[in-house]
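The structure appears below as structure tokens.
In our numbering, the protein residues as written are 1 to 102.
Structure representation (structure tokens):
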């Protein structure tokens, strides 16, 4: 079961890394994100940080082969993933439209 989880996690981290690198290098966005993302390069940087943090957390933490004595490194990876995934992605989004009363 552990090997299946490792493969699935590696595929997810790899896909996020590729998407983040493409966004960072070219500014390209998937079609479903084009109307909500204002700054595609910042979104790509956030996606890349999310992928790196998720990979560090998963592969040095719960899915790592030998249990490590240093528990702070996986937690730092989790914090990096949260910063990349939530803070930078929020900064890259377009401000919500405000309703004007007539």
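By construction, the Cβ of each residue, glycine as well, lies at the ideal position given by its N, Cα and C atoms.
query, result
"Report buried or exposed for residue 97, applying the criterion of at least 16 other Cβ atoms within 10 angstroms of its Cβ.", "exposed"
"In terms of residues, what are the limits of the alpha helix (DSSP H) holding residue 89?", "88-92"
"Cβ of residue 14 within 8 Å of Cβ of residue 50?", "no"
"Counting along the chain, where does the alpha helix (DSSP H) carrying residue 40 start and finish?", "40-60"
"Using CA atoms only, rank isn't needed, just tell me which of 12, 21 and 6 is closest to residue 44.", "21"
"Looking only at its chain, what residues have a beta carbon closer than 6 Å to the beta carbon of residue 119, apart from the 5 residues adjacent to it on each side?", "Residue 119 lies beyond the stretch modelled for the chain, which goes from 1 to 102, so this question has no answer here."
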